[in-house]
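K.L.:
The structure follows.
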Amino acid sequence: MPTIQVKDLNFFYTDSGAPSSAVYRTFIIIHGHTFHSGAFQRLLPLAAAQSLRVICVNRREYPGTTSFTTEELRVFAEGSEKERALLIEQQGIDLGLFVDAVIQKCALPKEGEITLAAWSLGNAFLISILASVNLLPTESKERLQAYVKTAILWDPPSHTLGIKSPPGSYVPLWDEALAPEARGPAFGVWAASYWKHGDIFSRNFDQLEHRIPDLSKKPSTDNMTHEELLSLTDFVPGGKCETILCEPEFANVLMNQTQKALFDPEVRKTWSRAEFWNMYSDSNPWNVVYASWILEEMVKAAKTVQPLLKFKVNEGANHFLMWDEPEKALHALQDCS
1 MPTIQVKDLN FFYTDSGAPS SAVYRTFIII HGHTFHSGAF QRLLPLAAAQ
51 SLRVICVNRR EYPGTTSFTT EELRVFAEGS EKERALLIEQ QGIDLGLFVD
101 AVIQKCALPK EGEITLAAWS LGNAFLISIL ASVNLLPTES KERLQAYVKT
151 AILWDPPSHT LGIKSPPGSY VPLWDEALAP EARGPAFGVW AASYWKHGDI
201 FSRNFDQLEH RIPDLSKKPS TDNMTHEELL SLTDFVPGGK CETILCEPEF
251 ANVLMNQTQK ALFDPEVRKT WSRAEFWNMY SDSNPWNVVY ASWILEEMVK
301 AAKTVQPLLK FKVNEGANHF LMWDEPEKAL HALQDCS
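Under the UniProt record's numbering, the sequence shown is numbered contiguously, ending at residue 337.
Structure follows, in structure tokens:
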């Protein structure tokens, strides 16, 4: 298994390999809750033909990557807001150092440039990379500045950005009618379903469906064999350090880093060469569509000459575009790059 060492940590990653062209774009992708780097396996064999390289990292606590320490897990579970903010900030620093190490180990071409993308819960960690960039060693920061052209928030659920949920909203992870051990699998199906909302451009929360998916389309998990499902999921981290990120205890921490990454003048000055995008699919669960509404409001409120975040909607796609339609997923990522 390919790994890269960052200080005392090892990060596992998958890699499509360098295409035949000397200059090519590299996508470095951060996975979400439960579904790790294996969820992007269908992108890898398609990359070379499009002069792309796709690298997917496993975050801490996922297979092949260093687990969290007992103390770090304590902070996730019961730490103070300051402790939690420092812990999440450190994840951004470490992942930023991972990107720097990948650039060097894989000899990525500067001319081809890099797109950093995070999917689902992984967006909390991409936001942390963006927000903590000025805490990196000078050489690492300058390398990221020179190589990274685009950052894509891909299907970020509202919770991962610190956006508080409206009353009456539903996510299976907190469904007390379900046994605790049933919530993870139920969430997987819920997240992988196709959702038929009302008018998503109305910005009316009542137009979003929460509980009953589009039954005319199978969940993406139904398009996976048992072996494939095992190759791309790990249900253990959820209860240890993942679900808690989406709970009210972390909302202020995540909103503060979202504000810093997107709107702090010093941070955006460091990333002045890079464009930031929010890319989402309109058949996603409600919290992904809702997140885009709030992000648009935040960007408009900033009243900058040029928008600090651009938006792209993938029509007819769900949360697992990279599995059900991998070619379309690659093209969508390129459209933002």
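Idealized CB from N, CA, C, for every residue including glycine.
#1: Output the boundary residues of the beta strand (DSSP E) element that contains L108.
#2: On the DSSP bridge assignment, give the partners of N10 in chain order.
#3: Please go through the same chain and pick out, in chain order, the residues whose beta-carbon is closer than 7 Å to the beta-carbon of A131, but skip the five residues on each side of it.
#4: So if DSSP puts M279 in a beta bridge, which residue, or which two residues, is it bridged to?
#5: If we require 4 or more residues per run, which alpha helix (DSSP H) segments fall completely within the stretch 213 to 244?
#6: Where S337 and E275 are concerned, what is the direct C-alpha to C-alpha distance, given to the nearest angstrom?
#7: For P237 and D264, what's the separation of their Cα atoms in angstroms?
#8: Starting from R268, follow the alpha helix (DSSP H) in both directions and report where the run begins and ends.
#9: Enumerate in chain order the residues of its own chain whose CB-to-CB distance from Y290 is below 6 Å, with the five nearest sequence positions on each side excluded.
#10: Buried or exposed: where does N284 fall if 16 or more other Cβ atoms within 10 Å of its Cβ makes it buried?
#11: Look at the alpha carbon of A39 and the alpha carbon of E72, and state the distance between them as a whole number of angstroms.
#12: Since F27 is in the alpha helix (DSSP H), which residue starts that stretch and which ends it?
#13: When the distance is taken between beta carbons, is I4 closer than 8 Å to V75?
#14: Who are F35's beta bridge partners in DSSP?
P.N.:
Inspection of the coordinates gives the following:
#1: Segment: none, L108 is in no beta strand (DSSP E) and carries neither H nor E.
#2: Q5
#3: G92, Q257, K260, A261 and V267
#4: W154 and K312
#5: 226 to 232
#6: 8 Å
#7: 31 Å
#8: P265 to T270
#9: S158
#10: buried
#11: 26 Å
#12: Premise fails: F27 lies in the beta strand (DSSP E), R25 to I30, not in any alpha helix (DSSP H).
#13: no
#14: T233
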